[in-house]
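Written below as structure tokens is the structure these notes are about.
2 protein chains.
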Amino acid sequence: MRYAFAKRVRHLQSSAVRDILKVVSKGNVISFAGGLPDDDLFPLDGVREAFEKTFETGKKPLQYIETEGYMPLREILVDRMAIKGIDTYTPESLLLTTGSQQAIDLFSRVMFNPGDVILTENPTYLAALQVFESYEANVIPVESDEFGMIEEDLEHKIRKYKPKCIYVVPTFSNPAGKVWSMERRNLLVSLAHKYHVMIFEDDPYGDLQFHSNETYTPIAALDDGTHVLYTSTFSKTVVPALRTGWIAGPHQIIRIMSQAKQANDLHSNSLSQQALFHLCQNFDLDAHINNLITVYRSRMEIMLEELEKAKLPGLTYVVPKGGMFFWIELDEKMNTGDLLNVAVKNGVAYVPGAPFYVGKKVQQNAMRLNFTHSTPDKIKKGMGILTSVIKEQYTKV
Amino acid sequence: MRYAFAKRVRHLQSSAVRDILKVVSKGNVISFAGGLPDDDLFPLDGVREAFEKTFETGKKPLQYIETEGYMPLREILVDRMAIKGIDTYTPESLLLTTGSQQAIDLFSRVMFNPGDVILTENPTYLAALQVFESYEANVIPVESDEFGMIEEDLEHKIRKYKPKCIYVVPTFSNPAGKVWSMERRNLLVSLAHKYHVMIFEDDPYGDLQFHSNETYTPIAALDDGTHVLYTSTFSKTVVPALRTGWIAGPHQIIRIMSQAKQANDLHSNSLSQQALFHLCQNFDLDAHINNLITVYRSRMEIMLEELEKAKLPGLTYVVPKGGMFFWIELDEKMNTGDLLNVAVKNGVAYVPGAPFYVGKKVQQNAMRLNFTHSTPDKIKKGMGILTSVIKEQYTKV
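Chain order of the listed sequences is A and B. Everything in the first sequence is counted per the working numbering, starting at 1 for the first residue and increasing by one. Everything in the second sequence is counted per the working numbering, starting at 1001 for the first residue and increasing by one.
Set out below in structure tokens:
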């Protein structure tokens, strides 16, 4: 039988990142490709005790709950956000989701008609682009430098395209590993208010901050609770397998998203939500995050050292101040898409930069390197292979 | 700020069932309204041990996995389906979802353009209707009797509307508690092949079969693997909080649904999937299901007895052969929507039949009664109140 799919299926495609991961995970390749935290650092005992605590309370935690998610965990999250300065949302304005990916999807589902415009950084988070495109939204890139979106181009494009939303990953972005300056954060909020545009702040990495003496105020903390939706997740700070993220925002939008979620999956895994509540109560999550920061920062520094040692021709980068990714740009004549096969054959994988770009201005010479999932030894070995492959290829192009 | 939502939001509405549940759950009302299994019967020890087994295997189960879900659980599900005669699907043609609700949603997302036609029973599962409508599909009801869809009307509507899909809950349906006859099941498959229409078989309750000597072959078992998608869930047989369901079907459709799932939520809670694998290996799930059947059947019989004792004027019903619901129709002049407030004030809740109907032919005199979530004492007391309220109202209309 020939199956007739919906038109929106045209816009669905398997993520390049995940397809590479599938191949790489089967072989003996050192992978800087995925966005995985390190298994060895997972707080197994903390998670195990949190589930045990939940089971000790009896059978009630195994029943259906309301679509919005387990209320005591939403209360804890509101408190944790307040510590970051985000204090305009109530637990009723917070929806627990299956990872922050579902938050992006539900927001898009209730917001975007085909043709609606979303402004994004360029490059930006690949899986968000895929969601926006699956709703046939029109994604327009805004020019950025290392401090965030550039004022002139941002205001110009807001006036020209009348976007419904500006999607940003302002703190340790995926893929570029950048941090927006305070000035650009304030500017974004003031333009959003001036032109009545929503801001969607995607903040999965904000807790993984390498320099404790610096302050990167979330954009949601600069707003009065009317123009910003803020999403984050436990996937990078606790573990991915619980698939627990959240989104906070204006109550009217969260309420409609919650109706969309009811149709989508009724509610997310509620046993995990209850275990995460107990984990936040009984486990020192902040100490654990500090440990992650120490380890991840030292791995980033090893990667940086290897990069500097190799003296790659035409190399540029911004040293990551947190998060999980190192974004590097090679000499202009290099093509990291072409290079990938050679690299994988030699035993190392990364993600080419091209899929993260929107529109026509695609840089073929960039790549995203993950530094959280490999041990120091593997980072050294993998970077040795990668920089050799790059140098060898450079002589040929 | 005034928020401009997507047009599809018009079709979203909070489920009447869940709204009633919210009110009822706060008071001291005996509720026959929800679709909840009984907390007291949850296999807490089995679930707890399954999680403990998972934690014993180390930190790997806490990492991200592939979108399709944990392969060893998919293999077990293929084996369990084969016991029911469904033997055309492979683990690669099976997708683990966040409850079977997400299976309905993902299927709709990849299949339906606005205006595409779906044929359904009437009444049918409310939350499926809400999904179909959120994708602006055109739901057309087919006339049914107690044996399933009626041949003439089914073929007439297939020819007239050229539907993309026929959605059915053939075994202990929600809300009507009916079982399709073998003849009607075979007929549906042959018409699907004749006219190239997909069948979506929603089977959350099939395991809760009260009469072990009878055979209700799943519709998927009558197909060659090309025309039927089959979805079910662990929510009714193990516990709802793990939110683990699955869908099996033609590989080409499952593959596209898996891409849609990647955009939707990357993957479902994988720790629960691994725990369910250990549960299926180490816990006697079939003995547990047999125990559920014994308890639920006896509760249904108590409800039946109370109904018969009350001698309600004009009452009609089909005695459920399994599942969780008793569907009754009162005298034609009764309106169960109007009656609900009176019933709740007197301490008992149910779901009025009207929201389960599609199209113009809505019966106002029906109601759905859940018999799984209340103890025998509460069923007796609740049915006493309910039948008194009905009788009193009958004298007034």
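No residue lacks a Cβ here, since even glycine has one placed at the ideal position from N, Cα and C.
Establish whether the CB of B:V1009 and some CB of chain A are separated by less than 8 Å.
yes
Throw me the rounded Cβ distance for the A:M300 and A:F326 pair, which I believe falls under 8 Å.
7 Å
Determine the closest residue to A:M1 out of B:T1226, B:E1049, B:T1088, with distance taken between C-alpha atoms.
B:T1226
Does B:D1203 come within less than 8 Å of chain A when only Cβ atoms are used?
no
Would you mind telling me which residues of chain B sit closer than 7 Å to A:I253, beta carbon to beta carbon, in chain order?
Y1003
My output table needs one value for B:F1283: the three-state DSSP class, helix, strand or coil.
coil
Reduced DSSP category for A:P352 - H, G, I as helix; E, B as strand; rest coil
strand
With three or more C-beta pairs closer than 8 Å as the rule, is the region 207-218 of chain A touching the region 256-276 of chain A?
no
is_contact[B:T1226, chain A] using C-beta, thresh 8 Å
yes
Test item: CB-CB of A:M111 and A:K194 under 8 Å:
no
Taking all protein chains shown into account, do 16 or more other C-beta atoms lie within 10 angstroms of the C-beta of A:H278, making it buried, or fewer, making it exposed?
buried
Start-to-end residues for the beta strand (DSSP E) that takes in B:L1312:
Where B:L1312 is concerned, there is no enclosing beta strand (DSSP E), given that its DSSP letter is neither H nor E.
Under 7 Å Cβ-Cβ, which residues of chain B neighbour A:Y64?
L1036, P1240
If the cut-off is 7 Å on Cβ atoms, which residues from the region 1271-1288 of chain B count as contacting chain A, listed in chain order?
L1271, S1272
Less than 6 Å between C-beta atoms, sequence neighbours within five positions excluded: which residues of the same chain meet that for B:T1098?
R1243, S1268
Using only the heavy atoms of the ligand SAH, determine whether one of them is closer than 7 Å to the beta carbon of B:Q1130.
Only the bare structure without any ligand can be found here, which leaves the ligand SAH out of the picture.
Give me the Cα-Cα distance between B:I1140 and A:K7, rounded to the nearest whole angstrom.
21 Å
Tell me which residue opens and which closes the beta strand (DSSP E) that A:D202 is part of.
198-202
Mind listing, in chain order, the continuous beta strand (DSSP E) runs of no fewer than 3 residues lying wholly within the region 1116-1203 of chain B?
1117-1120, 1138-1141, 1165-1168, 1198-1202
List the endpoints of the continuous alpha helix (DSSP H) containing A:N370.
Counting along the chain, A:N370 falls outside any alpha helix (DSSP H), though it belongs to the beta strand (DSSP E) covering 366-370.
Residue-level contact to chain A via CB, B:M1111, 8 Å cutoff
yes
For chain A, is any of its Cβ atoms less than 8 Å away from the one on B:S1176?
Reading the sequence as shown, one finds Ala at residue 1176 of chain B and not Ser. No, its Cβ sits nowhere closer than 8 Å to a Cβ of chain A.
Closest Cα partner of B:L1312 within the set B:Y1394, B:H1251, B:V1319, B:V1197:
B:Y1394
Three-way DSSP call (helix, strand, coil) for B:Q1209 in this model:
strand
Beta carbons nearer than 8 Å to chain A: which residues of the region 1356-1372 of chain B have them?
none
Pull up the DSSP beta-bridge partners for B:S1108, would you.
The partner list for B:S1108 (beta bridge, DSSP) is empty, contrary to what the question assumes.
Return the residue from the list A:Y64, A:P170, A:H11, A:K178 that minimises the CA-CA distance to A:E136.
A:H11
Apply the 10 Å Cβ neighbour rule to B:L1238 and answer buried if 16 or more other Cβ atoms are within range, or exposed otherwise.
Before going on, a small fix: residue 1238 of chain B reads as Val here, not Leu. So B:V1238 ends up on the buried side.
What residue range is occupied by the uninterrupted beta strand (DSSP E) comprising B:A1248?
1244-1248
Contacts of B:F1051 in chain A (Cβ-Cβ under 7 Å)
F51
Are any of the Cβ atoms in chain A nearer than 8 Å to that of B:T1120?
no
Start and end of the alpha helix (DSSP H) containing A:T444?
Residue coverage of chain A in this structure runs from 1 to 397, which leaves residue 444 of chain A outside it and unanswerable.
Near A:N290, which residues of its chain fall below 7 Å by C-beta distance, leaving aside the five closest residues on each side in sequence?
none
Going by the DSSP bridge assignment, what does B:S1232 pair with across the sheet?
B:W1246
Below 8 Å between beta carbons is the criterion; list the residues of the region 1085-1108 of chain B that meet it against any residue of chain A, in chain order.
T1097, T1098, G1099, Q1101, Q1102, D1105
Consult DSSP for A:E332 and reduce its assignment to one of helix, strand or coil.
coil
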